[in-house]
Amino acid sequence: MEETVTLLFKNGSAIDVTLKIVKNLEPSLRFDLRLCDEELDFVRSRREKVFAALNQFIGEECQMQMEEVPKICIMTSGGGFRAMIACSGVYKALQSEGLLDCASYVAALSGSSWYTSTLFSHPEFPHPGVAETIIPELRECVEKHWQVHLSPPWSSRYLKKIIRKSVNGQPVSFTDFFGYLVGQQLLNSRMKSKLSDQKEKIADGKAPMPIYTCLHVKSNVSAKMFQEWYEFTPYEVGIPKYGVFMKSNEFASKFYMGQVVKKFPEVPLHFLSGIWGSAFTILFKRFVQEKGKNGVDEIMRMVLMDKQDPQCSSEEEAEDDEDCEKIISRLTKDLVSADDEDHFEMDKPSSSIEPQSSLMLKDEFYQGRYKPYSVSTSDDELNDPQSEVQSDVHKNAVSLKEKLLRKYSFRKVSSNTKKSEALPRSMTTNNVRISVNAKESNNSGETSYFDKVLEKALTTTPIDSRAFRAGVILNPFRGLTTLENNCNECSKITEGLRDPTDDDFKDYKESMKTDDKKIYLVDSGLSFNLPFPLTLRPQRGIQLYLTFDFSSRKSDSTPPFRELLLAEKWAQLHGQPFPPIKKTVKSLIGCPNKECYVFKDTENIRAPVILFFPIVNSSFRKYSAPGEIRNDEEEKTFGDFKIFDDTNAYAIWRFVYPNLSFDRMTSMMEYNVKNNVHIIRYEIIDLIERRRKANMNPLALPTK
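Next up, the structure:
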């Protein structure tokens with residue numbers, strides 16, 4: 001269809017414009033619930049590897065045919081650095097027992113996604129033994145204080161990258177900076193790693209395919225009520241709810257009506273890590289303010305009970321967006337002027353702004369000017385103002401940040417009575433004064449200079465708003481018309497059973513607004529802490545889960561089934577087969593927590609089998625390895641520790657772990673897996689045999 005129109009201008013000139021409507025036969029987005037071709041090729045290749053590995057694992061007791069190979073998924077929950085450390089022990093055991101080779105998928109959420117992405121970006125992965133060799137590397141990473149990454153020149157250099165990202169037309173938030181901190185702590189020299197790089201790691205089915213996740217949420221509605229699950233794989237990123245996917249290297253580019261209209265460079269892996277674990281932008285702020293000493297219950301309410309967050313209106317959201325833009329503009333001007341005064345060299349702008357320029361700055365971190373891991377940190381040193389880490393932070397607090405703080409104060413002070421609340425004691429509003437004397441600050445028992453700067457930044461408006469704490473990207477659905485949830489027909493079966501007073505997944509049928517310019521992405525743990533919504537997709541056909549839950553509990557004796565019960569509720573609402581968790585758990589309440597539970601529906605072969613491993617210190621107290629009892633006092637002391645009872649050793653807000661805490665958690669989870677390998681073997685064999693019988697008797701296969 002073609003049409004010519006005439007555009008008239010006030011000065012009397014006219015231009016004839018010919019408009020031609022052409023159907024886009026090759027949109028940038030893929031509109032299909034089926035797996036992409038690359039994943040289908042992976043599944044075929046991986047099936048052969050799994051076939052050989054499973055036959056070796058289960059032995060001669062149950063030899064399979066190729067068509068009988070079950071799809072197994074290793075699933076890990078969130079839980080901060082605790083989850084990441086626990087994953088180290090889990091994966092070491094799975095690899096040594098040959099179970100990692102038996103899995104087709106690994107699905108990770110929040111803290112455990114930090115481990116998975118670190119493992120899959122490791123240069124030696126997937127070579128045998130890498131799950132063991134990575135442990136001392138992570139051990140060294142988490143024993144060091146994160147503050148070294150916040151001191152100049154690296155924080156100011158990365159701030160410039162964030163500003164340039166905004167100038168190039170991409171939205172920014174605190175998650176950009178938080179992801180940078182996570183990357184510096186864990187990825188070391190792999191800061192330029194990208195998600196699509198992991199294609200090579202799983203090529204020809206060499207390793208299970210990783211699946212990461214986050215939530216699309218509304219800024220003024222609880223994530224418990226409305227959430228849409230995003231999935232991230234090396235091949236694609238998308239929302240299964242709508243059956244819409246994009247190439248992983250085009251995530252965060254500018255889309256309109258399903259087409260890329262402005263392609264930005266692929267986002268680095270550390271940016272995605274910030275989104276996947278963005279609940280910790282809340283925890284991180286609280287950690288800075290309270291020094292990690294208290295407030296555990298309140299922090300958990302903030303993370304797991306998002307509905308308690310004050311809701312904001314769309315008008316407030318718009319004000320936050322405007323304030324964000326003002327801050328970026330002011331920061332840009334101030335950084336340029338500060339650089340001019342301090343003779344910092346800033347990249348020269350090109351004649352035309354290229355998106356790649358935001359990623360072209362070299363990080364001084366890896367030019368040998370400073371070794372971030374040269375300072376050891378123990379529990380006693382964490383709050384020691386005289387430690388070398390604190391000293392370095394003060395020493396590196398150069399005039400760049402001081403000048404920025406002198407030029408403006410983020411928080412608005414309405415009256416004199418509120419000035420002391422808005423600013424640290426060492427600052428004044430009329431003539432901003434900042435004490436950079438480390439000795440003066442430390443002797444008075446006050447927080448360090450840099451801590452004050454950081455706390456001020458994290459409590460400013462709009463940084464303190466929910467919208468600014470979330471990850472923000474340009475809306476890839478802009479200009480499209482969304483359909484109702486694909487699972488609505490299935491969910492009619494269970495809709496009548498729904499409690500109207502229950503807020504969990506209350507708005508699951510609602511669709512997103514496609515006219516919004518940008519969308520907010522947050523940690524999936526703000527809904528529930530296991531990534532079942534992505535793996536329960538019937539297109540993937542996963543039949544058995546090795547599920548490891550590292551979620552927080554009130555005490556070591558608290559039943560560990562909360563997240564699994566939420567997963568069951570989600571599956572019922574969306575009409576997905578799931579084993580009867582609630583029914584089974586009723587008989588387990590009041591019993592001591594076990595290392596491994598089995599949940600399966602013996603009457604429905606379509607429901608997956610779930611082998612559930614909570615974070616529990618049970619027989620590990622007495623045994624150093626399966627069948628090897630602890631003899632000397634040193635071994636007994638090593639195994640005798642608490643996880644949640646009256647201890648902050650494994651609190652969710654903890655970002656630094658001494659060697660002893662790290663070694664205990666890693667060894668315990670490795671032991672728990674190895675001590676229950678016989679259960680895993682039995683359940684795999686039982687699944688194969690039950691499916692054989694079901695295939696021989698078609699009536700045994702339910703229609704729903």
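Under UniProt numbering, the first residue of the sequence shown is numbered 1, with each subsequent residue one higher. Built from N, CA and C at the ideal position, the CB exists for glycine as well. None of these values were measured; they are calculated from a predicted model.
Tell me the start and end of each unbroken alpha helix (DSSP H) in the segment 95 to 156 that is at least 4 residues and wholly inside, in chain order. Qualifying alpha helix (DSSP H) stretches, in chain order: 111 to 120 and 130 to 142.
For F550 and residue 722, believed in contact at Cβ under 8 Å, the rounded distance: Lying before the first or after the last residue shown, residue 722 is absent from the chain, which here runs from 1 to 704.
Can the beta-carbon of P608 be found closer than 8 Å to that of Y682? Locating residue 608 in the sequence shown gives position 608, where the first residue counts as 1. Locating residue 682 in the sequence shown gives position 682, where the first residue counts as 1. Cβ atoms of P608 and Y682: not closer than 8 Å.
Extent of the continuous alpha helix (DSSP H) to which I202 belongs: Indexing the sequence shown from 1 puts residue 202 at position 202. It spans Q198 to I202 - the alpha helix (DSSP H) in which I202 sits, taken as one unbroken run.
How many angstroms separate the CA atom of F620 from the CA atom of G541? Along the sequence shown, read from residue 1 onward, the residue named residue 620 stands at position 620. Along the sequence shown, read from residue 1 onward, the residue named residue 541 stands at position 541. Pairing F620 with G541, the inter-Cα distance amounts to about 35 Å.
Could you check the C-alpha separation between F264 and G79 for me, to the nearest Å? The count along the sequence shown starts at 1 and reaches residue 264 at position 264. The count along the sequence shown starts at 1 and reaches residue 79 at position 79. Here the alpha carbon of F264 sits roughly 32 Å from the alpha carbon of G79.
Could you compute how far the alpha carbon of residue 706 sits from the alpha carbon of R469? One cannot answer for residue 706 here, as it falls past the ends of the chain, which runs 1 to 704.
Stretch-stretch touch, CB-based, cutoff 8 Å, three pairs: the segment 55 to 71 with the segment 514 to 528: With the cut-off at 8 Å, the segment 55 to 71 and the segment 514 to 528 do not touch.
Please name the residue, chosen from I211, S45 and C36, that lies closest to A108 on a Cα-to-Cα basis. Within the sequence shown, the letter at position 108 stands for residue 108. In this structure, I211 is the residue among I211, S45 and C36 with its C-alpha nearest to the C-alpha of A108.
Rounded straight-line distance, which links the Cα of W114 to that of G277: Mapped onto the sequence shown, residue 277 falls at position 277. Mapped onto the sequence shown, residue 114 falls at position 114. When rounded, the distance between both Cα atoms is 8 Å.
Minimum C-alpha distance to L195 - residue among V90, A131 and L119: Position 195 of the sequence shown holds residue 195. Between L195 and the set V90, A131 and L119, the nearest pair of CA atoms involves L119.
Hey, is the segment 593 to 600 in contact with the segment 547 to 564, meaning 3+ C-beta pairs nearer than 8 Å? When C-beta atoms of the segment 593 to 600 are compared with those of the segment 547 to 564, three or more pairs fall below 8 Å, so the two segments count as touching.
If you count every other CB in all the chains shown that lies within 10 Å of the CB of T647, and 16 or more means buried, which is it? Here the question's residue 647 lines up with position 647 in the sequence shown. Sixteen is the threshold: since fewer than 16 other Cβ atoms of the shown chains lie within 10 Å of the Cβ of T647, the residue is exposed.
Please classify T18 as buried or exposed, where buried requires at least 16 neighbouring CB atoms within 10 angstroms. Position 18 of the sequence shown, counting from 1, holds the residue named residue 18. Result: exposed.
Kindly indicate which three-state DSSP category M668 falls into: helix, strand or coil? Sequence index remark: in the sequence shown, residue 668 carries index 668 (1-based). Helix, per DSSP.
Given that a residue counts as buried once 16 or more other Cβ atoms are within 10 Å of its Cβ, and exposed if not, what is D16? Within the sequence shown, the letter at position 16 stands for residue 16. With fewer than 16 other Cβ atoms within 10 Å, it is exposed.
Verify whether the separation of the beta carbon atoms of N475 and K506 is less than 8 Å. In the sequence shown, the residue the question calls residue 475 occupies position 475. In the sequence shown, the residue the question calls residue 506 occupies position 506. Contact: no.
Can you name the residues that DSSP bridges to Q259? Within the sequence shown, numbered from 1, the residue matching residue 259 stands at position 259. Residue pairing by DSSP puts Q259 in a beta bridge opposite Y256.
Is it buried or exposed, E250, if we count other Cβ atoms within 10 angstroms and call 16 or more buried? Translated into the one-based positions of the sequence shown, residue 250 becomes position 250. It is buried - the Cβ of E250 has at least 16 other Cβ atoms within 10 Å.
State the start and end residues of the unbroken alpha helix (DSSP H) segment that holds H574. For the purposes of this step, residue 574 is taken as residue 574 along the sequence shown, with counting starting at 1. Counting along the chain, H574 sits inside no alpha helix (DSSP H), nor does DSSP assign it H or E at all.
Do G89 and T558 have their C-beta atoms within less than 8 Å of each other? Residue mapping note: residue 89 aligns to position 89 of the sequence shown, counting from 1. Residue mapping note: residue 558 aligns to position 558 of the sequence shown, counting from 1. In this structure, T558 does not lie closer than 8 Å to G89 by Cβ.
Ends of the beta strand (DSSP E) at L521? Start at 1 with the first residue of the sequence shown, and residue 521 comes out as number 521. First-last of the beta strand (DSSP E) with L521: K518 to V522.
Own chain residues within Cβ distance below 7 Å of I162, not counting five before or after: In the sequence shown, the residue the question calls residue 162 occupies position 162. The answer, listed in chain order, is V172, D176 and F177.
How would you write the range of the beta strand (DSSP E) that T584 sits in, first residue to last? The residue given as residue 584 occupies position 584 in the sequence shown. Looking at the DSSP string, T584 is not in any beta strand (DSSP E); the run it does join, the alpha helix (DSSP H), is I581 to K586.
Specify whether the segment 53 to 62 and the segment 93 to 110 touch according to this definition: at least 3 beta carbon pairs, one from each stretch, less than 8 Å apart. Because the criterion of three Cβ pairs below 8 Å is met, the segment 53 to 62 and the segment 93 to 110 touch.
Counting along the chain, where does the alpha helix (DSSP H) carrying K49 start and finish? Along the sequence shown, read from residue 1 onward, the residue named residue 49 stands at position 49. Its alpha helix (DSSP H) spans residues D37 to I58.
Taking the alpha helix (DSSP H) that E633 belongs to, which residues open and close that run? Against the sequence shown, residue 633 aligns to sequence position 633. Per DSSP, E633 is one residue of the alpha helix (DSSP H) stretching across E633 to G639.
F31 classed as buried or exposed, judged by whether at least 16 other C-beta atoms fall within 10 angstroms: For the purposes of this step, residue 31 is taken as the residue at position 31 of the sequence shown. Exposed is the label assigned to F31, since fewer than 16 other Cβ atoms lie within 10 Å of its Cβ.
Could you check if C36 belongs to the surroundings of the ligand GTP, using beta carbon to heavy atom distance under 7 Å? Summarising the ligand content, the structure contains no ligands, and the ligand GTP is consequently not present.
Could you check what DSSP says for W229 in three-state terms: helix, strand or coil? By 1-based counting over the sequence shown, the position of residue 229 is 229. Of the three classes helix, strand and coil, the one that applies to W229 here is strand, per DSSP.
Helix, strand or coil for G179? Go by DSSP, reduced to three states. On the sequence shown, position 179 is the one that residue 179 refers to. G179 falls in the helix class under three-state DSSP.
Have a look at N486 and G575 and give me their C-alpha separation to the nearest angstrom. Within the sequence shown, the letter at position 486 stands for residue 486. Within the sequence shown, the letter at position 575 stands for residue 575. Interpretation of N486 is limited by its pLDDT of 49, a score under 50 that renders its predicted location unreliable; the figure taken from the coordinates is listed afterwards. Taking the straight line joining both Cα atoms gives about 11 Å.
Straight-line CA distance for G243 to L33? Within the sequence shown, residue 243 is the residue found at index 243, counting from 1. Within the sequence shown, residue 33 is the residue found at index 33, counting from 1. Taking the CA atoms as reference points, G243 sits about 5 Å from L33.
Enumerate in chain order the residues of its own chain whose CB-to-CB distance from R630 is below 7 Å, with the five nearest sequence positions on each side excluded. Position 630 of the sequence shown, counted from the start, is the residue given in the question as residue 630. Spatial neighbours of R630 in its own chain (CB-CB distance under 7 Å, excluding positions within 5 residues in sequence) are listed in chain order as K622, Y623, S624, K636 and G639.
Pick from M75, E2 and S45: whose alpha carbon is nearest that of Q543? One-based indexing of the sequence shown puts residue 543 at position 543. With distances taken between CA atoms, Q543 lies nearest to M75 out of M75, E2 and S45.
Please report how far the alpha carbon of F125 lies from the alpha carbon of K201, in whole angstroms. Against the sequence shown, residue 125 aligns to sequence position 125. Against the sequence shown, residue 201 aligns to sequence position 201. When the Cα atoms are used, F125 and K201 turn out to be separated by approximately 7 Å.
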